[in-house]
Amino acid sequence: MGTLLFVQNGVGYFSCTGTMIAPRVMLTAGHCVEEAGNINDVTYVRFEENALSGIGNYGSLQDWFNAEWYAVETVIPHPQYNDFAEFPANYDIGVVILANPYYPANGFGQIPELGFLENLRGQDRQDFLSVGYGVQGTLPPTQMDEYERYKGNVRLLEVNSYLSGQGSQSARFSNNPGIGGGTCYGDSGGPTFFKDTNIVVSVTSFGWAKNNNCVGNDFNFRTDVPAAQDFIHGILATYGS
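For the sequence shown, position 88 matches number 138 in my numbering, and the numbering has no gaps at all.
Laid out in structure tokens, this is it:
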């Protein structure tokens, strides 16, 4: 996993999380690569657990980016992503194409079979892992934003079934009641893995925040639906080698 820093429409930097699924292809959320119809002005990627490491060794942010972050060739949102205008059909998925390849020590993220989440039952719905560089909390004493990679165990609460004709692409995960950690600001685009595998069942899209406090109920864009898989396979056919 890695983090991306980016500028959108002249405003930034913002941060998101992503997963390498090929040497130059990072999977993330659509809103992490496009805003108001425009792709990011600039994007940088890093894979250190502590994304801020080394920042004090350089005279400027640009020097730090040039020395310790991966340059990006381009970013590509799902062609139907439109800033949540078609909610709940969000198409909130995208990719970052690195200028040079990166090979993660623990392997690349794997895309599940179509309908993977539909077929899970019982305990198989209780064991997922969300990973991201987001804040760890917005209530004392957990308020912090160290810009580091964290993991949290979550369980699957709800699958909106494309098989049943409802047409939704989202799955809802939660850490409640206190069995792990959900996602928060900065975790967008990050993976939810099935158990201890590299299978990325979804990417973090949005979550509930009560009075700006993350409450651990998270909606993810599923990677086991045709809208995601058609997009991903097309990207890999072009950039996956």
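Glycine residues also receive a C-beta, built at the ideal position from the N, C-alpha and C atoms.
Residue i to residue j span [Cα, whole Å]
i	j	result
Gln130	Tyr63	25 angstroms
Gln219	Leu102	34 angstroms
Ser65	Val75	17 angstroms
Asp19	Phe269	The chain is shown only over 51 to 291; residue 19 falls outside these bounds and no answer can be derived.
Gln173	Val61	43 angstroms
Asp274	Tyr197	29 angstroms
Phe56	Lys245	30 angstroms
Ile89	Val145	11 angstroms
Asn116	Leu54	14 angstroms
Arg175	Gly239	21 angstroms
Gly52	Asp177	22 angstroms
Ile126	Thr247	26 angstroms
His128	Gly106	36 angstroms
Gly290	Ile282	10 angstroms
Asn156	Thr69	11 angstroms
Beta-bridge pairing of residue i - partner residues as DSSP gives them
i	result
Gly144	Thr78 and Pro127
Tyr120	Val95
Val292	The requested residue 292 is not part of the displayed model; the chain covers only 51 to 291.
Gln160	Ile249
Thr67	Thr53
Asn100	Glu198
Ala72	Val75
Residue i in three-state terms, based on DSSP
i	result
Glu84	strand
Gly106	helix
Phe271	strand
Thr247	coil
Pro241	strand
Ile282	helix
Asn132	coil
Ala277	helix
Gly52	strand
Asn169	helix
Ala221	strand
Ala287	helix
Cβ-based burial, residue i [other Cβ within 10 Å; buried from 16]
i	result
Thr288	exposed
Pro241	buried
Gln58	buried
Tyr183	buried
Glu84	buried
Asp91	exposed
Asn140	buried
Arg171	exposed
Asn280	The sequence given here has Asp at residue 280, not Asn. Exposed, by the Cβ-count rule.
Ala79	buried
Val159	Rather than Val, the amino acid found at residue 159 in this sequence is Gly. Buried, by the Cβ-count rule.
Cβ-heavy atom distance, residue i to the ligand HEM, below 7 angstroms
i	result
Gln176	Ligands displayed in this structure: none; no statement on the ligand HEM is therefore possible.
Checklist entry - Does the region 148-167 touch the region 113-125, meaning 3 or more C-beta pairs lie closer than 8 angstroms? => result Under the 8 angstroms Cβ criterion, the region 113-125 counts as touching the region 148-167, having at least three qualifying pairs.
Checklist entry - Per the contact definition of three or more C-beta pairs closer than 8 angstroms, is the region 162-170 in contact with the region 109-117? => result Not touching, per the Cβ criterion.
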